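My numbering puts the first residue of the sequence shown at 619, with every later residue one more than the last. Every residue, glycine too, gets a C-beta built ideally from N, C-alpha and C. Computed from a predicted structure; not experimentally measured. Worksheet for the structure shown next.
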Amino acid sequence: MAADDQPDLPPSQSKVAHAAAYAPRPPPEKPESVAIRRLVILSFWAIVIFLGLPLWWKTTTVYRADLPLQDMLDWADGKVTCRPVFPLRIAIEAPSLPSSDAQNLLRTTQHALDDLNDFSAHHLRLLLAKSSETPNATQEVAEPALYSDGASLLASSKSDIALTINLIQGQTGFTPAAQLQKYAPTLDVYYAPNQIPSPSATSSPLATFIAKELQNIFSEEQAALAYLLSSSGVGQPMRTKSLSAESAASLERQKTRSFRYAPTYHLTFSLFTPGAAPSAWEIEAALEEFIAPLLHSLSVISNFTIDTQVQLYATFAPSIRDPEFDAEKNAWTLRKEDLSGFINAAEWPLSPSIGIGPTVNFVLYVPSENQSPLVIKENGGNSWLVPQWGGVQVLNPPGPQNPVFLSKEALRPAMLTFSNQLLSLLGVPRSPESLPIRIGTLSRIRAASLLFSASSTLGSLGRLTQALPSIAIPDNVAISVKETIAHLQAACDDLREGRFQGALEHARTAETGAEKAFFERSMVGQVYFPEEHKVAVYLPLLGPVAVPLIMAALKEIKNFTAKRKARS
């Protein structure tokens, strides 16, 4: 286009274009300056890549100790070789029988037991015990006792014996007959001499009678263990005992009512009265006579601590209705629906956090003279149980006025009631009548439940570490997990061998180790620290540094690309 053909521009734009055309331009960069600038940028990037990033990675990497994840999940899913079984050893004392007759009776009774048993995980095994000078001693056997399958067993400890059968030759009366002792794991069986089976006999009425008695004694234990195994889902498939709907519902109510297992329980005995009397009670002597023997028997399962208190002028909770006088019963009555709110939690000092373990509260309430006697309207009782909390006993003094001091004998009914309530709250079975057998049943149930609980906790920990790869796993957690697995295996071995006290100890240690590993403080804090929080922390710090470096690098790449294109 010729100069004359150029379009006419306004004066202002013409001046700007003329100034831009003739404006002085900076001298071109020297190659040395370009190289220095690129080296500076490259050095910054080198520092970031080779020093900054490794240092950041090292200081921010979460340490994760190696965990046996597969073993943990296998224990939780029941894929390990641990099969919970409960072989109970039953010792037979027959001092008046020859050895051959005693062996024949043992063999036929064992066959009858095996025929009656429909629960493969729980089976009774008979052995002969050597009689000693002390009646009912079962510390050792005269010779290896034979099972029905020909295997031999040597009783190494009296604690391994679940029950002792004391065979007594009856002189008069109907035989065979049996009597279970209430405070000893002993079953007295009375028989006639002609009821002993012959060497060639495969069964006998006496053997069938003993087998049925043993089945009745341990029927509730079998039901409880079958319910526990079926509800836990841990362990290899086995032939389980079928439970009726009523039995399952009863076991579920018992589970809901009782406390969760703890190595230590704290017992609080409280005396409450709405007036000034009684103001003192002989509680130490009453506890020593009525409660201490029971706690000593239960010490093989858990430990117990005790404290007492007296609260005067204790009023009812405002949420319940006042007692009403019933002319037919000639007593003041409380409605059953008001029992759950009887405790005045706002004013009565009943803290559930006293002690190192769960607190079991036992409240003895002495009503005022103008509301005595005080009973429950529906059943006329004066005591009730509060699930997973404790028990309440209303003590109605016989006189017209409340005594100032409650003696040990006056406290006897309340202490016996509290003893039964404690057994119920701890989950002790209601049958049979023998207390040592019921406590032995509880120890086996607790050992199995702790084994399942520890296995489940290990599985939860394993799934948590897989779901949260950024969570820290310190070395003490790995150590606790490995020790827990070792104790779980030891508990299974003890169960298989019938050493139930050792199984309980190992299962209790495993449960403690699993809980300690799962609730590790350094892990719990990072469970609630999502990735978005990390971005919010790093972005304000790295943004001002990263933007200049990235823009300078992009500019140099752009200039390098443009020059390369110009050369080509």
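The C-alpha of I783 is placed about 60 angstroms away from the C-alpha of S1088.
Counting along the chain, no beta strand (DSSP E) covers V652; the unbroken alpha helix (DSSP H) around it starts and ends at P649 to I665. When C-alpha distances from E965 are compared across K947, E955, P646 and T933, the shortest belongs to T933. Beta-bridge pairing by DSSP links V703 to no other residue.
Residue pairing by DSSP places W899 opposite L1024 in a beta bridge. As computed with DSSP, S1098 is found in no beta bridge at all.
Looking at the DSSP output, Y808 sits in a beta bridge with I786 and A795. Bridge partners of F887 according to DSSP: T926 and F980.
In the DSSP assignment, T951 falls within the beta strand (DSSP E) that extends over A949 to L952.
Considering only Q787, T1083 and W1007, the residue with the shortest C-alpha distance to A683 is T1083. According to the DSSP assignment, G1077 belongs to the alpha helix (DSSP H) that extends over L1053 to A1085. When rounded, the separation of the alpha-carbon atoms in A1180 and T679 is 41 angstroms. For the 9 angstroms CB-CB criterion, L1068 and F980 do not form a contact. The C-beta distance from A730 to A863 rounds to 29 angstroms, too long to fall under 8 angstroms, and the pair is not in contact. Counting only residues of its own chain and dropping the five nearest sequence neighbours on each side, S915 has a CB closer than 6 angstroms to the CB of I1057. Closest in alpha carbon position to L957, among G1009, P794 and Y681, is G1009. Taking the CA atoms as reference points, L1029 sits about 39 angstroms from R1117. The three-state reading of DSSP puts T933 in coil, since its state is none of H, G, I, E or B. Short of 8 angstroms from the beta carbon of L1034, and not among the five residues preceding or following it, lie these beta carbons of its own chain, in chain order: F908. The three-state secondary structure of F943, taken from DSSP, is strand.
For S1001, the closest of P1018, S876 and L952 by C-alpha to C-alpha distance is L952. Between P881 and S920, the C-beta gap is smaller than 9 angstroms, which places the two residues in contact. By the Cβ neighbour-count rule, M1169 is exposed, with fewer than 16 other Cβ atoms within 10 Å of its own. When the five nearest sequence neighbours on each side are left out, the beta carbons in the same chain lying within less than 6 angstroms of the beta carbon of P1092 are those of S1140, in order along the chain.
Looking at G1131, S717 and M690, the one whose alpha-carbon comes closest to that of P815 is S717.
For C1110, the CB contacts under 6 angstroms within the same chain, skipping 5 residues up- and downstream, are C700 in chain order.
By the criterion of at least three beta-carbon pairs nearer than 8 angstroms, the stretch 689-705 is in contact with the stretch 734-742. In the DSSP assignment, R725 falls within the unbroken alpha helix (DSSP H) covering S717 to L734.
By the C-beta density criterion, N1020 is buried, having at least 16 other C-beta atoms within 10 angstroms.
Out of S850, Q721, L660 and F827, the CA that lies nearest to the CA of L1167 is found in L660. Of the residues E942, N997 and Q1011, the one whose Cα lies closest to the Cα of P1031 is Q1011. Contact between I786 and Y808 holds, with the beta-carbon distance rounding to 5 angstroms and staying under 8 angstroms. Rounded to the nearest whole angstrom, the C-alpha separation of A949 and A963 is 26 angstroms.
With a 10 Å radius around the Cβ and a threshold of 16 neighbouring Cβ atoms, G1017 comes out exposed. The three-state reading of DSSP puts S1088 in coil, since its state is none of H, G, I, E or B. Selection V978, V984 and P936 evaluated against Q929 yields V984 as nearest (Cα-Cα).
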